[in-house]
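Heads up: the structure comes next, in structure tokens.
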Amino acid sequence: MDNLIKSAKFIKSETKISGLPKADKPEYAFIGRSNVGKSSLINMLTGQKKLAKISSKPGKTQLINHFLINDTWYLVDLPGYGWAKVSKTKKIDWNIMINDYISNRGNLLCLFVLIDIRLDVQDIDLEFMNDLILKGVPFARIFTKADKLSKNKAQSMVARHNKYLKKHWEELPPTFITSSETGYGREEVINYIEELNSLY
Numbered sequence: 000m001d002n003l004i005k006s007a008k009f010i011k012s013e014t015k016i017s018g019l020p021k022a023d024k025p026e027y028a029f030i031g032r033s034n035v036g037k038s039s040l041i042n043m044l045t046g047q048k049k050l051a052k053i054s055s056k057p058g059k060t061q062l063i064n065h066f067l068i069n070d071t072w073y074l075v076d077l078p079g080y081g082w083a084k085v086s087k088t089k090k091i092d093w094n095i096m097i098n099d100y101i102s103n104r105g106n107l108l109c110l111f112v113l114i115d116i117r118l119d120v121q122d123i124d125l126e127f128m129n130d131l132i133l134k135g136v137p138f139a140r141i142f143t144k145a146d147k148l149s150k151n152k153a154q155s156m157v158a159r160h161n162k163y164l165k166k167h168w169e170e171l172p173p174t175f176i177t178s179s180e181t182g183y184g185r186e187e188v189i190n191y192i193e194e195l196n197s198l199y
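This is the structure in structure tokens:
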């Protein structure tokens with residue numbers, strides 16, 4: 000199977016669902032706490048260094064950003080949740096926008112929830128994923144920043160997350176370990192997307 004992303008084009012940024020591109024292609028969205036490394040991961044997956052804007056300041060992504068990949072599917076960069084230094088009103092607006100998108104976008108095949116592999120289970124991530132389960136939104140976990148830990152430590156952190164989640168959930172979602180620095184996990188994530196595309 001050819002995993003290469005041959006083209007990635009920015010289509011548009013939007014705040015309202017009504018303004019999004021026509022829902023006629025499979026779509027995959029990426030979300031996570033502020034500063035989890037989302038933009039870096041998107042750039043690593045697409046092989047384009049500047050596709051998603053990277054910032055050391057959390058909360059850089061403030062709109063729903065659509066990218067067309069290989070002219071066949073959409074990659075969507077969503078605003079992060081959590082501690083971005085923005086006003087309360089702005090946070091409420093983002094929550095409404097994200098919820099509206101997640102609940103009503105019929106061609107969203109998978110929401111990738113990004114998790115910093117160096118941290119134990121965070122309440123905010125758990126709350127967000129529990130909400131996805133209640134809404135029936137298909138999602139997968141992507142652990143980021145694996146290069147910051149040894150391979151054994153990375154595996155044991157994932158195992159700790161899994162052990163904790165098994166107490167609360169009947170089954171675990173698909174899970175990937177990645178590093179934007181080294182490109183680790185790129186092939187697995189793209190293969191998974193291609194697999195879902197073939198079922199679309």
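The opening residue of the sequence shown carries number 0 in numbering that gives the first Met the number 0; numbering runs sequentially from there.
Idealized CB from N, CA, C, for every residue including glycine.
Discussion item. Strictly by DSSP, which residues pair up with W93?
Written reply: According to DSSP, which records beta bridges pairwise, W93 is partnered with nothing at all.
Worksheet item: With a Cβ-Cβ cutoff of 8 Å, do L44 and V188 count as a contact?
Response: Taking 8 Å as the Cβ cut-off, L44 and V188 qualify as a contacting pair.
Fill in: Of the listed residues S39, M96, Y27, Q47, nearest to Q61 (C-alpha basis)
Of the candidates S39, M96, Y27, Q47, the one whose C-alpha sits nearest the C-alpha of Q61 is M96.
Discussion item. Can you tell me where the beta strand (DSSP E) holding D122 begins and where it ends?
Written reply: Premise fails: D122 lies in the alpha helix (DSSP H), 122-134, not in any beta strand (DSSP E).
Worksheet item: Using the C-alpha atoms, what's the distance from R117 back to Y80?
Response: 18 Å
Worksheet item: My guess is that I63 and S12 are in contact by the Cβ rule of under 8 Å, so how many angstroms apart are they, rounded?
Response: 7 Å
Worksheet item: Mind pulling the alpha helix (DSSP H) runs of 4 or more residues that sit fully within the segment 16-88?
Response: Qualifying alpha helix (DSSP H) stretches, in chain order: 37-45.
Fill in: Buried/exposed call for F9, threshold 16 Cβ in 10 Å
exposed
Discussion item. In the DSSP output, what is A7 paired with across the bridge?
Written reply: I68
Worksheet entry | Cut-off 6 Å between Cβ atoms - residues of its own chain near P137, not counting five sequence neighbours on either side | C109
Fill in: R185 - containing beta strand (DSSP E), residue span
It is not in any beta strand (DSSP E) - R185 instead sits in the alpha helix (DSSP H) that spans 185-198.
Worksheet entry | Beta-carbon contacts of A7 that lie in its chain and below 6 Å, excluding the five residues immediately before and after | T45, Q47, L50, F66, I68
Worksheet item: Smallest Cα separation from F175: which of G105, K15, I141, K52?
Response: In terms of CA proximity to F175, I141 leads the group G105, K15, I141, K52.
Practice prompt. Please check the pair Y199 and P20, which I expect to be a contact at CB under 8 Å, by giving their CB distance rounded to whole angstroms.
Written response: Not confirmed; about 16 Å, so no contact.
Fill in: Option in K89, N42, N196 with minimal Cα separation from E180
N42
Worksheet item: What are the boundary residues of the beta strand (DSSP E) that R140 is part of?
Response: Start and end: 138-143.
Worksheet item: Rounded to a whole number of angstroms, what is the C-alpha to C-alpha distance between K150 and R159?
Response: Between K150 and R159, the C-alpha separation is close to 14 Å.
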